[in-house]
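Engineer:
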Amino acid sequence: MKNAYNLIRKIHLYTAFIIVSFIVMYFITGFMMKHGDWFPQSDAKVFSKKFDLHISKEMNEEEWSIYLQDKFDIHAQRKRSNKNNDGTISFKYSKPGEFSTVTLTADKSVATLRTQHFSAYGTFAGFHRLNGYGGGWLYDIYVFMLDLASIALLVFVVTGLYLWYKLIRKKTWGIIILSASIIYTLIIIALFMNG
Amino acid sequence: MQSKGDTVKWQKQITIPPYKNDDQFSNDIRDSLGLMGWTLPWEVKKDSASFQFAVSHAGKDYTVKIHNNENILDVYENRKGFWSVFNGLHPFGGDLPNTPGMINSWKYYQDFTVVVLLFSAISGIFIFLRRKSERKAGFIILFSCIGLSVLIMLSVWL
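Okay, here's the thing in structure tokens:
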């Protein structure tokens with residue numbers, strides 16, 4: 034039994050160590066987003082530029098996205114492309130603090146790069162919102178760390194409950210607080226479902 | 002009982018408020034109907050004979066239709082289900098129109114949770130520091146993980 038306790042204690046401790054930075058990042062950026070009006074905000078600065086392309090090679094949209102990212106030296110996560118009604122295609126790239134769109138004409142001869150630079154607030158929000166695999170290896174690692182942080186938080190809660198159950202003799206207050214928070218959340222959900 | 006995805010139509014008679022603009026008109030009708038949620042400006046559809054708008058919150062979507070400025074309105078109510086509400090609690094920051102005060106108290110609970118979690122992280126590391134046996138290995142892992150995490154964040158940003 035003592036071995037099980039020590040194992041759970043170590044899982045709890047080292048899980049927290051591994052993900053503490055990402056969890057703190059989530060707390061800080063989430064708090065800033067929730068209280069956006071407490072922080073200075075300014076409009077994004079927009080830069081736009083046109084480029085002539087001379088490409089004879091046939092490429093699919095994914096290859097175009099990678100090609101344009103390399104050509105315009107965009108260090109950001111590749112997002113899904115959009116086909117517009119006028120035949121142009123928009124390729125999107127996002128990273129904290131920056132959002133770029135490259136619009137390619139229907140004949141694929143001209144590309145327009147439009148880059149938005151956000152304020153510090155927008156950058157923090159970008160860290161919080163970055164998601165989705167497949168936009169480049171660096172961003173895949175980041176998203177993996179976010180997934181790991183989410184799983185670790187669950188492990189952290191479960192192992193924490195186990196440690197509390199084993200360590201604390203008088204559990205009355207713990208049970209009251211735990212029950213109250215669960216009941217409160219369920220009431221909020223019920224109010225939303227029936228509101 | 003209405004289940005997830007089912008759309009229920011009901012009607013209600015109200016006094017139609019004066020029209021100033023789409024937002025004000027939609028909000029006034031929503032308030033007269035007592036619907037909880039935000040009106041969605043991009044969902045407004047109107048012509049000379051009718052006006053339609055949508056109201057939404059984490060648990061339900063409503064589409065409200067007004068025909069020829071008649072006092073009886075058609076309301077189409079769609080329930081989104083448990084998981085939609087569960088997901089919706091994450092970004093919900095309170096101040097939802099026409100809600101019971103308890104729902105808007107969620108924003109204070111969120112703030113409290115953030116403070117408690119930060120305190121847990123800091124106090125947990127403090128408690129760990131008091132044990133000499135694992136201090137060295139723990140410090141190596143802790144600072145390696147913090148260094149690696151910060152490096153990944155900087156690489157993504159720069």
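Chain order of the listed sequences is A and B. For the first sequence, this note's numbering assigns the number 34 to the initial residue and increments by one for each residue that follows. For the second sequence, this note's numbering assigns the number 2 to the initial residue and increments by one for each residue that follows. Cβ coordinates follow ideal geometry from the N, Cα and C atoms, glycine included.
1. If you drop the 5 nearest sequence neighbours on each side, which residues of the same chain put their C-beta closer than 7 Å to that of A/Tyr-126?
2. So, are the CB atoms of A/Gln-149 and A/Val-79 less than 8 Å apart?
3. Can you give the beta carbon distance from B/Ile-104 to A/Ile-215, rounded, assuming they're within the 8 Å contact cut?
4. Go ahead and pull the three-state DSSP assignment for B/His-68.
5. Does DSSP classify B/Asp-23 as helix, strand or coil?
6. Please compile the residues from chain A whose C-beta is within a distance smaller than 9 Å of the C-beta of B/Tyr-110.
7. In whole angstroms, what is the alpha-carbon distance linking B/Arg-80 and B/Val-86?
8. List the residues of chain A whose Cβ lies closer than 7 Å to the Cβ of B/Trp-107, in chain order.
9. Any idea what DSSP makes of A/Gln-149, helix, strand or coil?
10. By DSSP's criteria, B/Arg-80 is part of a beta bridge. Which residues make up the other side?
11. Contact defined as beta carbons within less than 8 Å: I believe B/Lys-61 pairs with B/Leu-74. What is the distance between those atoms, to the nearest angstrom?
12. Select from the stretch 152-177 of chain A all residues with a C-beta closer than 9 Å to any C-beta belonging to chain B, and list them in chain order.
13. Round the Cβ separation of B/Trp-11 and B/Glu-71 to the nearest angstrom and send it over; I've been treating them as touching at under 8 Å.
14. Does B/Thr-100 have its Cβ less than 8 Å from a Cβ in chain A?
15. Just curious, the beta strand (DSSP E) that A/Thr-136 is in, first and last residue?
16. Is A/Met-65 close to chain B, meaning its C-beta is less than 8 Å from at least one C-beta of that chain?
17. For A/Asp-103, report the span of its alpha helix (DSSP H) as first-last.
18. Does A/Leu-219 pass the burial test, meaning 16 or more other C-beta atoms within 10 Å, or should it be called exposed?
19. Relative to the C-alpha of B/Met-99, which candidate in B/Asp-29, B/Val-9, B/Asn-22 and B/Lys-47 has its C-alpha closest?
20. Is the beta carbon of A/Tyr-154 less than 8 Å from the beta carbon of A/Phe-64?
21. Can you look up B/Ser-134 in the DSSP assignment and give me helix, strand or coil?
22. To test your reading of the DSSP string, which unbroken alpha helix (DSSP H) runs of 4 or more residues are found completely within the stretch 154-194 of chain A?
23. Check each residue of the stretch 46-60 of chain A: if its Cβ is closer than 8 Å to any Cβ of chain B, include it; give the result in chain order.
24. Between A/Leu-137 and chain B, is there a C-beta pair that is closer than 8 Å?
25. Return the chain-ordered list of same chain residues with a C-beta closer than 8 Å to the C-beta of A/Val-143, the five sequence neighbours on each side being excluded.
26. Just to confirm, are A/Tyr-59 and A/Ala-182 a CB contact at a threshold of 8 Å?
27. Mapping DSSP to helix, strand and coil, what is A/Lys-43?
28. Given that B/Gly-94 touches chain A, what residues does it touch there, using C-beta distances under 7 Å?
29. From the DSSP output, in three-state form, read off B/Gln-12 for me.
30. Could you tell me the alpha carbon to alpha carbon distance between A/Ile-41 and B/Leu-130, rounded to whole angstroms?
31. Would a check of beta-carbon distances place A/Gly-207 closer than 8 Å to chain B?
32. Could you round the C-beta distance between B/Trp-107 and B/Gly-89 to whole angstroms and report it? I think they count as a contact, below 8 Å.
33. Name the chain B residues whose beta carbon is nearer than 9 Å to that of A/Lys-104?
34. Do we get a CB-CB distance below 8 Å when we pair A/Phe-225 with the residues of chain B?
35. By the 8 Å beta-carbon criterion, what residues does the stretch 48-61 of chain B contribute toward chain A?
36. Between B/Val-76 and chain A, is any beta-carbon pair separated by less than 8 Å?
Structural biologist: Here's the rundown:
1. Gln-102, Ile-107, Ala-109, Gln-110, Arg-111, Lys-112 and Ser-133
2. yes
3. The Cβ separation is near 17 Å, so there is no contact.
4. strand
5. helix
6. Ser-214, Tyr-217, Thr-218 and Ile-221
7. 10 Å
8. Within chain A, the residues near B/Trp-107 are Ile-221.
9. A/Gln-149 falls in the strand class under three-state DSSP.
10. B/Lys-61
11. Contact flag wrong, Cβ pair sits at about 16 Å.
12. Thr-156, Gly-159, Phe-160, Leu-163, Leu-171, Tyr-172, Ile-174 and Tyr-175
13. With 8 Å as the limit, B/Trp-11 and B/Glu-71 do not qualify as a contact, their Cβ atoms being about 15 Å apart.
14. yes
15. 131-137
16. no
17. From DSSP, the alpha helix (DSSP H) with A/Asp-103 extends over 94-104.
18. exposed
19. Rather than Met, the amino acid found at residue 99 of chain B in this sequence is Asn. B/Asn-99 has its Cα closest to that of B/Asp-29, out of B/Asp-29, B/Val-9, B/Asn-22 and B/Lys-47.
20. no
21. coil
22. Listed in chain order, there is nothing to give.
23. Leu-46, Tyr-47, Ala-49, Phe-50, Ile-51, Ile-52, Val-53, Ser-54, Phe-55, Ile-56, Val-57, Met-58 and Phe-60
24. no
25. The beta carbon of A/Val-143 sits closer than 8 Å to the beta carbons of Lys-83, Phe-84, Asp-85, Leu-86 and Leu-137 from its chain, once the five residues preceding and following it are set aside; these are given in chain order.
26. yes
27. helix
28. Lys-67, listed in chain order.
29. strand
30. 18 Å
31. no
32. With a Cβ gap of about 10 Å, B/Trp-107 and B/Gly-89 do not count as contacting.
33. In chain order: nothing, as chain B lies at least about 20 Å away.
34. Judged by the 8 Å Cβ criterion, A/Phe-225 is in contact with chain B.
35. His-58, Ala-59, Gly-60 and Lys-61
36. no
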